[in-house]
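Protein chains in written order, with our numbering: chain A, 1 to 380; chain B, 1001 to 1102.
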Amino acid sequence: MQKFIQHDMLPRPDHDEQARQDFVSSLRGHLSGRVMPGAYRVYQSRVEPAFKAQHGRIPADQEEVRQVMTKDSYYQFWSAMQRRSQEMLWEAVIDPTERQLPQLIGRAGKLSNRKLAKGRRGSLRLDPALQVPRYHTAADIHLQPGGYHTDFTADDVAAGVVYDQGINLYMGGALGPENNLTGDTLLAYIQEKHPDFKPRRILDIGCAIGNATLVWARAFPQAEVHGIDVGAPVLRYAHARAQAFGVPVHFSQQNAEHTDFEAGSFDLVISHIVLHETSKSALVRILRECHRLLRPGGLMLHLEIPRGKTVIEKFMHNWESYNNNETFCRYMTDIDLKAEALKGGFTDANTRTDEFIPHMDVAQMNYTEHFFWKILAATR
Amino acid sequence: MQTPPDRPKGHRPYYFDDPAIDQLHAAFIALATELSVAFDRIDTLERLLEARGDLSREDIDGYVAEGAVDEARAARRADLSKRLLKPFIDYREALFERSRDR
């Protein structure tokens, strides 16, 4: 596995901070590779049989699985470990970030003014008046303290710095040297399904630190690439990070439910594991906005995580909903993304959902050994 | 400007029948982490010392920490306690938050 790439916007952990990050990464790999699969085994070997003995049938849905699995000692043990490892993952990267924050903010300011090759440059447009939606503010998504949207000091970049390092540890480095895996996956999809598609204007919604956005900007260097998010500190970091990598991207603080871009002004609108962090009503509004922003013939692609097929898989996939502050994701299990896209204005003939097999190490998967991405694709 | 929070906002789940087990469990993992950190540091030191070849085992056994060194070690021990006890504090704060919401 290629090592996480260092750049000017990442703090330098000291010896013990590095050791703490290394341990949490190792612990999570152990949990996903060796402990989590046991939850499926105990379900099959003792939880489901006990349910069957009592009710004369197997659990009908994930809610019935929840009733019995949460009482199983093995599941409790794994869950407590998994939860604590998630908290420690943030704690391990927050320490060096806070220690070096003034320098990081200073570097972000300098990088922001850097001219890139061929006279190109990226930009950052923040909107202090933007109302951060409740699905962000109600709970800190993924347990990152303060969430992705809170400024704790002037020109704060901490949430972005912490997020970048944290998601690297989350998958034990399996997200790639620049946390580029989700971007690579969706790019592989478009190259397979739409090999001749050459977008000139691309919008990445819910881009956070722009880790996936940069994949697209590099793949289509002639295109004008935009990334939007509701979080100011992640966007400041995204801009500085893109500048550090020398990739021109235009970041702006906007809610994907209603942007200020012109109708029909994009060839491609994409998102990477974002939809499940929103809400039922926001989801339709976001899809409607995607429809508005696309030119006729333009393409919308949303990468989503699988939600499971069997009742135990569905239950396990929703672990993060109940234990990792992904409040909305449990409702995604029964949502038909294609039907939502039709509500947003796309046509039945031009909309589909696909399963896409990733090129990744299944030993790093946290909740299942059988992973495939879900992709919502629609043409305007 | 506010101080960054020490724990995430949102529901704090319990997994075991007795919340004390949740807290002990979490503290145990924090302790394992710090042990791993210490092992790494000892390993770094031993390798550096070995490479230089100018220190014996007797030197280490005979060493007495005094003054600033002693203070630095005390601070390190306090930091370990803080990390060890953090889970208890987090669960306690969640209890306070729940009682405030009522």
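Ideal Cβ positions, reconstructed from N, Cα and C, are used throughout, including at glycine. Remember, predicted model here, so these are calculated numbers, not experimental data.
Does residue i come within less than 8 Å of chain A when only Cβ atoms are used?
i	result
B/Y1091	no
B/S1036	yes
B/A1026	yes
B/R1007	yes
B/P1019	no
B/R1077	no
B/D1022	yes
B/G1010	yes
Alpha carbon to alpha carbon, how far is residue j from residue i? Give it in angstroms, no decimals.
i	j	result
A/R121	A/K115	6 Å
A/E178	A/Y43	36 Å
A/H15	B/T1033	14 Å
A/A60	A/R20	42 Å
B/S1081	A/V47	38 Å
A/I205	B/L1045	47 Å
A/A223	A/L203	10 Å
B/R1083	B/A1027	8 Å
A/L214	A/V249	8 Å
A/F315	B/Y1063	56 Å
A/G176	A/R57	43 Å
B/D1006	B/Q1023	16 Å
B/V1037	B/D1017	31 Å
B/D1043	A/P145	32 Å
Could you tell me whether the Cβ of residue i comes closer than 8 Å to any Cβ of chain B?
i	result
A/H15	yes
A/E98	yes
A/A19	yes
A/R66	no
A/R83	yes
A/A80	yes
A/Q76	yes
A/F356	no
A/F4	no
A/F23	yes
A/M88	yes
Closest to residue i by C-alpha separation, out of the options, would be which residue?
i	options	result
A/A108	A/P233, A/K280, A/S271, A/V274	A/P233
A/D155	A/L101, A/W90, A/K198	A/L101
B/D1090	B/T1003, B/P1013, B/E1071	B/P1013
A/Q165	A/T379, A/I209, A/R352	A/I209
A/R307	A/G297, A/N180, A/N318	A/N318
A/P128	A/T70, A/Q253, A/W373	A/Q253
B/I1021	A/P11, A/R84, A/F266, A/T150	A/R84
A/G38	A/E17, A/E63, A/Q76	A/Q76
A/Q191	A/S25, A/N113, A/C207, A/L301	A/L301
A/V65	A/Q243, A/T351, A/C329, A/T310	A/T310
A/E17	B/L1024, B/D1040, B/R1047, B/I1029	B/D1040
A/D229	A/R330, A/T278, A/R41, A/M88	A/T278
A/L181	A/I273, A/E326, A/Y237	A/I273
A/W78	A/Q62, A/V35, A/M88	A/V35
A/L130	A/A138, A/A256, A/A341	A/A256
A/V157	A/L143, A/D196, A/A174, A/E98	A/E98
A/L287	A/H142, A/A377, A/L111, A/K198	A/A377
A/R201	A/M69, A/G227, A/Y189, A/Y40	A/G227
With hydrogens ignored, establish whether the beta-carbon of residue i is closer than 7 Å to any heavy atom of the ligand ADP.
i	result
A/M69	As presented, the structure is devoid of all ligands, the ligand ADP included, so that no description of it is given.
Can you pull out the residues from the region 318-342 of chain A whose beta carbon lies closer than 7 Å to at least one beta carbon of chain B? Y322, N323, N325
Cβ-based contacts, 9 Å cut-off: residues of the region 139-157 of chain A near chain B: A139, D140, I141, H142, L143, Q144, P145, G146, G147, T150, D151, F152, T153, A154, D156
When Cβ atoms are compared, which residues of the region 25-49 of chain A fall closer than 7 Å to chain B? none
To be precise: take each residue of the region 1039-1063 of chain B, compare its Cβ to all Cβ atoms of chain A, and keep it if any distance is under 7 Å. Which residues remain? D1040, R1041, T1044
Got a sec: which bits of the region 273-304 of chain A sit with their beta carbon under 7 Å from any beta carbon on chain B, in order along the chain? none
Count the C-beta pairs between the region 211-220 of chain A and the region 244-262 of chain A that are closer than 8 Å, then say yes if the count reaches three, no if not. yes
Flag this pair as touching only if the region 318-330 of chain A and the region 288-304 of chain A have three or more C-beta atom pairs under 8 Å; answer yes or no. no
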